[in-house]
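K.L.:
If you scroll down you'll find the structure; I have some questions about it.
Protein chains: 4
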Amino acid sequence: MLLTGFDAFGGQAINPSGMAVQALHGRRIAGHRVVSAELPTTFADAPARLVALITTHRPALVIGVGQAGGRAALSLERVAINLIDARIADNARAQPVDEPVVRGGPAAYFSTLPLKAMLAGLQRDGLPAEVSQTAGTFVCNQVFYALMHALATRRGWGRLRGGFIHVPWLPEQGTPSMPLADIVRGLRAALNVALTYRGPDLALPAGAIH
Amino acid sequence: MLLTGFDAFGGQAINPSGMAVQALHGRRIAGHRVVSAELPTTFADAPARLVALITTHRPALVIGVGQAGGRAALSLERVAINLIDARIADNARAQPVDEPVVRGGPAAYFSTLPLKAMLAGLQRDGLPAEVSQTAGTFVCNQVFYALMHALATRRGWGRLRGGFIHVPWLPEQGTPSMPLADIVRGLRAALNVALTYRGPDLALPAGAIH
Amino acid sequence: MLLTGFDAFGGQAINPSGMAVQALHGRRIAGHRVVSAELPTTFADAPARLVALITTHRPALVIGVGQAGGRAALSLERVAINLIDARIADNARAQPVDEPVVRGGPAAYFSTLPLKAMLAGLQRDGLPAEVSQTAGTFVCNQVFYALMHALATRRGWGRLRGGFIHVPWLPEQGTPSMPLADIVRGLRAALNVALTYRGPDLALPAGAIH
Amino acid sequence: MLLTGFDAFGGQAINPSGMAVQALHGRRIAGHRVVSAELPTTFADAPARLVALITTHRPALVIGVGQAGGRAALSLERVAINLIDARIADNARAQPVDEPVVRGGPAAYFSTLPLKAMLAGLQRDGLPAEVSQTAGTFVCNQVFYALMHALATRRGWGRLRGGFIHVPWLPEQGTPSMPLADIVRGLRAALNVALTYRGPDLALPAGAIH
Chain L
162 MLLTGFDAFG
172 GQAINPSGMA
182 VQALHGRRIA
192 GHRVVSAELP
202 TTFADAPARL
212 VALITTHRPA
222 LVIGVGQAGG
232 RAALSLERVA
242 INLIDARIAD
252 NARAQPVDEP
262 VVRGGPAAYF
272 STLPLKAMLA
282 GLQRDGLPAE
292 VSQTAGTFVC
302 NQVFYALMHA
312 LATRRGWGRL
322 RGGFIHVPWL
332 PEQGTPSMPL
342 ADIVRGLRAA
352 LNVALTYRGP
362 DLALPAGAIH
Chain Z
162 MLLTGFDAFG
172 GQAINPSGMA
182 VQALHGRRIA
192 GHRVVSAELP
202 TTFADAPARL
212 VALITTHRPA
222 LVIGVGQAGG
232 RAALSLERVA
242 INLIDARIAD
252 NARAQPVDEP
262 VVRGGPAAYF
272 STLPLKAMLA
282 GLQRDGLPAE
292 VSQTAGTFVC
302 NQVFYALMHA
312 LATRRGWGRL
322 RGGFIHVPWL
332 PEQGTPSMPL
342 ADIVRGLRAA
352 LNVALTYRGP
362 DLALPAGAIH
Chain E
162 MLLTGFDAFG
172 GQAINPSGMA
182 VQALHGRRIA
192 GHRVVSAELP
202 TTFADAPARL
212 VALITTHRPA
222 LVIGVGQAGG
232 RAALSLERVA
242 INLIDARIAD
252 NARAQPVDEP
262 VVRGGPAAYF
272 STLPLKAMLA
282 GLQRDGLPAE
292 VSQTAGTFVC
302 NQVFYALMHA
312 LATRRGWGRL
322 RGGFIHVPWL
332 PEQGTPSMPL
342 ADIVRGLRAA
352 LNVALTYRGP
362 DLALPAGAIH
Chain D
162 MLLTGFDAFG
172 GQAINPSGMA
182 VQALHGRRIA
192 GHRVVSAELP
202 TTFADAPARL
212 VALITTHRPA
222 LVIGVGQAGG
232 RAALSLERVA
242 INLIDARIAD
252 NARAQPVDEP
262 VVRGGPAAYF
272 STLPLKAMLA
282 GLQRDGLPAE
292 VSQTAGTFVC
302 NQVFYALMHA
312 LATRRGWGRL
322 RGGFIHVPWL
332 PEQGTPSMPL
342 ADIVRGLRAA
352 LNVALTYRGP
362 DLALPAGAIH
């Protein structure tokens with residue numbers, strides 16, 4: 162399976178998403194070997210790099226991981242939207258506003274992961290976790306949308322499943338935060354459920370009132 | 162134009178969305194008379210009631226308004242998703258989990274309002290405002306999706322524009338909050354821009370990093 | 162009565178506390194004329210400037226006002242502590258850490274204002290308000306402590322009453338925020354209660370669980 | 162050393178503070194055996210129970226631990242204030258408002274722990290931690306104040322050091338939260354520094370702007 166993180170952006174020195182996926186590189190989870198890679202936090206390059214990685218490795222499962230400063234839990238993203246609206250510049254100093262990820266693409270794609278089963282697994286392990294209804298409008302959402310669009314439209318990729326997980330800051334970046342060991346443990350648990358869970362997803366309420 | 166609010170839900174005694182739209186009922190904004198109505202906070206009835214109101218009044222513009230406890234600003238909603246996941250029961254004691262708003266409908270619709278111009282107008286008036294990337298997965302999002310789906314698919318409704326605005330609690334409901342007079346003033350300013358703004362929307366960054 | 166605000170600090174262009182007190186300068190509230198002044202956001206000068214103003218004007222009531230970015234309501238401060246711990250530099254580039262406001266002074270002073278009656282008055286006017294248990298450890302808390310220490314220890318000042326109120330950002334500074342008109346209206350309402358309320362304060366629960 | 166937690170309150174089924182201190186009972190940290198005890202969340206009984214425990218065990222160090230739902234980090238409390246203002250009823254259905262913890266006692270006591278050294282130790286271990294300027298106005302603050310007052314006024318107790326630490330919810334209680342293993346690990350690290358650190362505390366900025 163393929164697991165991607167990002168490099169540091171927004172003036173920060175580190176990005177826990179890149180560190181956490183690196184820690185899982187080469188591990189076997191539920192019989193699948195994890196291939197980890199770091200994507201650049203740039204609108205121009207990240208989606209193409211992701212598609213190239215999928216073409217090379219042909220994984221059964223692709224999960225993007227990104228940093229969500231300000232969130233206090235592992236966030237299982239539900240939906241990717243066809244919109245870029247950058248509040249800050251990316252690492253190539255680009256700051257597109259109100260552009261589509263894919264011109265002419267559908268407004269959104271839902272994750273094809275069993276999010277509620279993954280949520281239950283994380284809760285069982287005593288880890289802070291939640292389902293999120295927005296992955297934002299920056300590079301994380303762009304990569305998530307580009308991933309789901311590729312899986313939906315590329316020939317022979319229809320059986321691959323994909324999704325996105327946001328992780329909190331590390332403690333040295335500010336509050337709220339999560340220790341790196343917990344992030345790695347949580348990703349491992351989430352991947353394990355995503356790789357082994359069969360049947361319709363659990364009907365566990367985890368939405369947002371607004 | 163048609164402006165809808167909701168009745169109280171979730172054990173609260175009041176709902177500022179219903180109170181605020183009522184305060185604008187019958188007013189003229191930019192030459193358009195405002196028709197205000199209160200929708201029931203029930204999955205079973207709210208969308209049909211909204212469609213009936215549009216059929217009766219044939220407005221040029223339809224804006225749904227809902228309460229967002231925990232938000233500190235007027236939230237101009239960007240996207241409605243085809244998903245219901247109720248964390249609490251609605252006013253008819255229904256609590257659907259992971260069901261579509263419209264079976265077979267697209268994953269999402271974007272608002273067709275000039276959100277950035279509306280945001281700029283609210284900021285010019287010194288009112289707390291933001292663009293939001295999620296209207297949640299409760300009755301507000303359901304009504305927003307049902308509205309955009311009806312405008313997109315019903316014969317002759319293609320020229321109507323629609324959107325959704327979330328408003329904070331009133332001060333007596335908790336913190337953060339906004340005085341009712343500010344909510345009413347903000348809706349009035351937002352409607353005025355929505356009714357009069359022409360041309361492509363402003364390219365003002367207002368997205369979310371995550 | 163004397164009402165003080167602060168100048169802008171921390172890289173911000175404005176400070177709503179200074180703007181709001183200026184808007185009330187010269188007004189009469191409950192028969193008392195308001196004298197407003199702006200203090201510098203510097204540890205070295207702010208307390209002495211405040212004491213000089215009291216000496217000059219001999220007001221019956223002294224209320225310091227400061228900006229609290231991140232708070233969503235008018236905050237009636239309950240307690241000033243004898244501690245400076247500056248997370249950022251002040252406007253004179255000083256950044257003292259873990260120093261007392263007054264060497265040898267008591268650990269804290271409570272406000273001598275009728276905070277609960279003021280809270281009730283603000284709520285009656287539909288304004289977001291709360292009682293706060295900490296004024297921080299920056300210049301606001303220093304001025305609040307210095308004020309209460311002066312009132313407690315200076316000869317003939319024992320009948321003066323004093324306190325401190327934190328106000329949110331203006332909408333142009335970020336979220337959460339409060340329109341300037343609401344801040345001014347809230348200060349006016351709070352001062353009115355502080356000047357006219359007699360008897361023991363209301364026994365209205367407004368504490369914090371933690 | 163003595164380490165106290167609380168029983169569940171406020172309609173919750175569990176209290177992580179009681180669970181975490183129990184996990185450390187009997188352990189040796191820096192050569193000191195930990196005696197853990199659970200206090201009742203009642204204004205009437207908690208302080209007396211704490212004083213009885215100190216009398217029995219004569220520890221060199223006493224740290225109270227409590228639950229702070231809504232906080233995202235281990236909070237090293239800086240100051241205890243002589244005030245009770247209960248927003249909810251305690252476990253004996255008492256809800257005192259604006260009463261002192263100790264009639265005639267000083268307004269506040271500062272913790273006598275090396276908070277900045279403890280903060281640095283927690284950060285070194287990659288755990289979310291912060292210094293807090295308020296322990297609230299409920300039973301936690303009451304116990305913290307009663308502890309510091311006893312250490313300051315009881316004959317022969319002057320050499321004992323004391324303080325208070327707030328811990329987040331567990332993941333099953335809501336967001337933000339911290340896994341129990343991290344809370345236990347963090348308390349252990351904090352106690353270790355408190356027991357071994359010598360000399361003046363580190364001059365590490367960790368205050369609040371407001």
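Line order of the protein sequences matches chains L, Z, E and D. Convert by adding 161 to the 1-based position in the first sequence; the result is the number in the working numbering. Convert by adding 161 to the 1-based position in the second sequence; the result is the number in the working numbering. Convert by adding 161 to the 1-based position in the third sequence; the result is the number in the working numbering. Convert by adding 161 to the 1-based position in the fourth sequence; the result is the number in the working numbering. Virtual Cβ for every residue (Gly too), placed ideally from N, Cα, C.
Report the residue ranges of all beta strand (DSSP E) runs contained in full by the region 174-213 of chain E; include only those spanning at least 3 residues, in chain order.
P.N.:
DSSP runs (the beta strand (DSSP E)) wholly in the region 174-213 of chain E: 196-200.
K.L.:
What does DSSP give as the partner residue(s) for D:Phe271 in the beta ladder?
P.N.:
According to DSSP, D:Phe271 bridges with D:Val240.
K.L.:
Report all residues from its chain with a CB closer than 6 Å to the CB of D:Arg210; omit the five preceding and five following residues, and keep chain order.
P.N.:
Answer for D:Arg210: Leu200, listed in chain order.
K.L.:
Comparing C-alpha positions only, which one of E:Ile190, E:Arg219 and E:Ala351 sits nearest to E:Ala281?
P.N.:
Cα-wise, what sits closest to E:Ala281 is E:Ala351.
K.L.:
Spell out the partners DSSP gives D:Val226 in its beta bridges.
P.N.:
DSSP, once it has assigned bridges, lists D:Ile326 as partnering D:Val226.
K.L.:
Inspect the CB distances between the region 257-272 of chain E and the region 327-347 of chain D and report whether three or more fall short of 8 Å.
P.N.:
Output reads no: the region 327-347 of chain D does not touch the region 257-272 of chain E.
K.L.:
Could you check what DSSP says for E:Ala351 in three-state terms: helix, strand or coil?
P.N.:
Of the three classes helix, strand and coil, the one that applies to E:Ala351 here is helix, per DSSP.
K.L.:
Nearest-angstrom Cα distance between E:Ala355 and E:Gly225?
P.N.:
Each residue's Cα considered, the two are about 13 Å apart.
K.L.:
Kindly say whether D:Pro337, judged by its beta-carbon, lies nearer than 8 Å to any beta-carbon of chain L.
P.N.:
D:Pro337 counts as touching chain L.
K.L.:
DSSP beta-bridge partners for Z:Gly166?
P.N.:
Paired residue(s): Z:Glu199.
K.L.:
When Cβ atoms are compared, which residues of the region 281-294 of chain L fall closer than 9 Å to chain D?
P.N.:
Listed by position, the residues of the region 281-294 of chain L near chain D (Cβ gap below 9 Å) are Leu283, Gln284, Asp286, Gly287, Leu288, Pro289, Ala290 and Glu291.
K.L.:
Among L:Tyr358, L:Gln334 and L:Asn252, whose alpha-carbon lies nearest the alpha-carbon of L:Ala207?
P.N.:
L:Ala207 has its Cα closest to that of L:Asn252, out of L:Tyr358, L:Gln334 and L:Asn252.
K.L.:
Are any of the Cβ atoms in chain L nearer than 8 Å to that of Z:Val240?
P.N.:
Yes, because at least one Cβ of chain L sits closer than 8 Å to the Cβ of Z:Val240.
K.L.:
Nearest to D:Ala290 by CA position, among L:Arg248, L:Gln334, L:Thr165 and L:Leu235, is which residue?
P.N.:
D:Ala290 has its Cα closest to that of L:Gln334, out of L:Arg248, L:Gln334, L:Thr165 and L:Leu235.
K.L.:
Under 8 Å, Cβ to Cβ, is there at least one residue of chain L near D:Ala181?
P.N.:
No, its Cβ sits nowhere closer than 8 Å to a Cβ of chain L.
K.L.:
Which residue comes first and which comes last in the alpha helix (DSSP H) that contains D:Ala281?
P.N.:
Its alpha helix (DSSP H) spans residues Leu276 to Arg285.
K.L.:
Taking a cut of 7 Å between CB atoms, which residues from the region 300-333 of chain D lie near chain E?
P.N.:
Residues passing the 7 Å Cβ filter: Cys301 and His327.
K.L.:
When you compare the CB of E:Ala174 with every CB in chain Z, is at least one pair closer than 8 Å?
P.N.:
Not closer than 8 Å to any Cβ of chain Z, the Cβ of E:Ala174 fails to qualify, so no.
K.L.:
Compare the C-alpha of E:Thr273 against each of E:Val212, E:Arg239 and E:Leu244 and name the closest.
P.N.:
Answer by Cα proximity: E:Arg239.
K.L.:
In whole angstroms, what is the alpha-carbon distance linking L:Ala195 and L:Asp259?
P.N.:
In the sequence on display, residue 195 of chain L carries Val and not Ala. So the alpha carbons of these two residues sit roughly 35 Å apart.
K.L.:
From this set, L:Ala250, L:Leu222 and L:Thr295, which residue's C-alpha is nearest L:Gly172's C-alpha?
P.N.:
That would be L:Ala250, whose Cα lies nearest to the Cα of L:Gly172.
K.L.:
Using a beta-carbon distance below 8 Å, is L:Val262 in contact with chain Z?
P.N.:
No - not a single Cβ of chain Z is within 8 Å of the one on L:Val262.
K.L.:
Quick check: what's the CA-CA separation for E:Arg189 versus E:Ile175?
P.N.:
Cα to Cα, the separation comes out at about 26 Å.
K.L.:
How is D:Asp362 classed by DSSP in three states: helix, strand or coil?
P.N.:
D:Asp362: coil per DSSP, three-state reduction.
K.L.:
For chain E, is any of its Cβ atoms less than 8 Å away from the one on Z:Pro220?
P.N.:
No, Z:Pro220 does not count as interfacial toward chain E.
K.L.:
Quickly, what does DSSP pair E:Ile245 with across the bridge? List them, please.
P.N.:
Paired residues: E:Glu260.
K.L.:
Answer with yes or no whether the minimum CB distance from E:Thr298 to chain D is below 8 Å.
P.N.:
So yes, E:Thr298 belongs to the interface.
K.L.:
Roughly how many angstroms separate the alpha carbons of L:Asn243 and Z:Ala369, rounded to a whole number?
P.N.:
About 14 Å.
K.L.:
Here's the rule I'm using: 16 or more other beta-carbon atoms within 10 Å means buried, otherwise exposed. How should E:Ala221 be labelled?
P.N.:
E:Ala221 comes out exposed.
K.L.:
Any idea what DSSP makes of Z:Leu235, helix, strand or coil?
P.N.:
Three-state result, Z:Leu235: strand.
K.L.:
So which of Z:His193, Z:Thr203, Z:Arg349 and Z:Gly227 has the shortest CA-CA distance to Z:His218?
P.N.:
Z:His218 has its Cα closest to that of Z:His193, out of Z:His193, Z:Thr203, Z:Arg349 and Z:Gly227.
K.L.:
Just to confirm my understanding: we take D:Arg322, look at its own chain, exclude 5 residues before and 5 after, and list those with CB closer than 8 Å. What are they?
P.N.:
Answer for D:Arg322: Ala221, Leu222, Val223, Thr273, Leu274, Leu312 and Ala355, listed in chain order.
K.L.:
Quick check: what's the CA-CA separation for L:Val212 versus D:Leu235?
P.N.:
Rounded to the nearest angstrom, the two C-alpha atoms are 41 Å apart.
K.L.:
Alpha helix (DSSP H) containing L:Ala313: first to last residue?
P.N.:
First-last of the alpha helix (DSSP H) with L:Ala313: Val300 to Thr314.
K.L.:
Just the chain E side, please: which residues come within less than 7 Å of Z:Leu341 by C-beta, in chain order?
P.N.:
Here the neighbours are Gly287.
K.L.:
With a threshold of 8 Å between beta-carbons, can D:Pro275 be considered close to chain E, or not?
P.N.:
For D:Pro275, the answer is no, since every Cβ of chain E falls outside 8 Å of its Cβ.
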